[in-house]
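Peer 1: FYI, in full-length UniProt numbering the residues of the sequence shown are 1 to 191. Note that beta-carbon positions come from the ideal geometry of N, C-alpha and C, so glycine has one too.
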Amino acid sequence: MTSPLATLVVDNLSPFTPDILACLDKLGTTYVYRKYSEVTQDDLTTKCKRVILSGRRRNDQAINAANSQIVRHCHDNDVPLLGICYGAEIIALTLGGSIRRMPSHLHGQIEITATSPNPLVPAEKDSRISVYESHGFCIARLPEGFVRLAGSKYCEYEIFAHKTKKIYGTQFHPEKSGPDGLDLLEKFTRI
């Protein structure tokens with residue numbers, strides 16, 4: 001689906017990108033799909049209102065460089081941005097945060113807890129949602145200007161956001177997280 005002011009979905013060769021597209025289809029959200037290497041300036045400046053960065057399967061410097069440029073563009077131009085898994089990690093790394101290798105790969109459904117009211121999960125502090133995780137790294141330190149919105153016993157920063165900009169990261173995969181994940185994606189697409 002494409003139309004003016006769509007959601008740009010950046011595919012970082014994640015096996016879950018089709019699930020992101022299926023969620024957006026289910027929500028009736030218009031989107032522009034691009035592989036990381038195919039994103040144009042026109043996509044970022046005139047075609048799209050917001051950006052979703054997918055996860056990725058492998059470490060690749062070309063993917064990192066392309067995504068860092070997108071993150072900087074969104075940050076500098078106040079474009080709403082949602083980074084999923086790797087997408088969240090590259091937001092943190094690009095803007096001055098850090099990541100760390102986990103003791104073992106986390107894979108499967110877990111519960112996370114909202115630490116403060118926020119626009120992506122239920123409004124109450126300490127609300128719990130069920131999410132799907134698949135990663136071997138997690139965010140160790142947030143960049144300056146970002147706050148924690150949700151955490152788990154595995155990762156301190158399951159959801160984070162910029163204090164004043166509409167930039168969000170999820171360490172988990174909302175596109176694989178059932179109703180809670182679909183709700184989060186819907187809330188982002190309404191920002």
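#1: The beta strand (DSSP E) with D11 in it runs from where to where?
#2: For a cutoff of 8 Å on Cβ pairs, would you count G28 as touching chain B?
#3: Pick out the complete alpha helix (DSSP H) segments inside the stretch 40-123, 4 residues or longer, and give them in chain order.
#4: Whose C-beta lies closer than 8 Å to the C-beta of H73 among residues of the same chain, with five residues either side of it excluded?
#5: Among the candidates H107, S54, R56 and H162, whose CA atom is the shortest distance from the CA of Y154?
#6: Taking only the alpha-carbon atoms, compute the straight-line gap between C48 and S68 and give it to the nearest angstrom.
#7: What does the Cβ neighbour count give for I191, buried or exposed, with the cut at 16 atoms within 10 Å?
#8: Tell me, to the nearest whole angstrom, how far the beta carbon of L185 is from that of C23; I am working on the premise that it is less than 8 Å.
#9: Tell me whether C155 sits in a helix, a strand or coil according to DSSP, three-state version.
#10: Excluding the five sequence neighbours on either side, which residues of its own chain have a C-beta within less than 6 Å of the C-beta of L182, listed in chain order?
#11: To the nearest angstrom, report how far apart A6 and I52 are at their CA atoms.
#12: Here's the rule: buried if 16 or more other CB atoms are within 10 angstroms of the residue's CB, otherwise exposed. What is S3?
#13: If you draw a straight line from the C-alpha of K176 to the C-alpha of D11, how long is it?
Peer 2: A quick look at the data gives this:
#1: Taking the first residue of the sequence shown as 1, we reach residue 11 at position 11. A6 to N12 is the extent of the beta strand (DSSP E) around D11.
#2: In the displayed structure, chain B is absent; only one protein chain is listed.
#3: 61-77 and 86-94
#4: Here residue 73 refers to the residue found at position 73 when the sequence shown is read from its first residue. Closer than 8 Å at the Cβ level, and outside the excluded window around H73, lie L44 and V79.
#5: Counted from its first residue, the sequence shown places residue 154 at position 154. Nearest of H107, S54, R56 and H162 to Y154, Cα basis: H107.
#6: Mapped onto the sequence shown, residue 48 falls at position 48. Mapped onto the sequence shown, residue 68 falls at position 68. Each residue's CA atom was taken as its position, placing C48 and S68 some 18 Å apart.
#7: As a position in the sequence shown, residue 191 is number 191, starting the count at 1. Under this definition I191 is an exposed residue.
#8: The residue you call residue 185 lines up with position 185 of the sequence shown. The residue you call residue 23 lines up with position 23 of the sequence shown. Confirmed, about 5 Å.
#9: Start at 1 with the first residue of the sequence shown, and residue 155 comes out as number 155. If DSSP states are grouped into helix, strand and coil, C155 belongs with coil.
#10: By 1-based counting over the sequence shown, the position of residue 182 is 182. Within the same chain, L182 has close Cβ partners C23.
#11: Locating residue 6 in the sequence shown gives position 6, where the first residue counts as 1. Locating residue 52 in the sequence shown gives position 52, where the first residue counts as 1. Cα to Cα, A6 sits roughly 11 Å from I52.
#12: Position 3 of the sequence shown, counted from the first residue, corresponds to residue 3. Annotation note: pLDDT 46 at S3 (below 50); position unreliable, no value reported.
#13: Position 176 of the sequence shown, counting from 1, holds the residue named residue 176. Position 11 of the sequence shown, counting from 1, holds the residue named residue 11. Looking at the two C-alpha atoms, the distance is approximately 15 Å.
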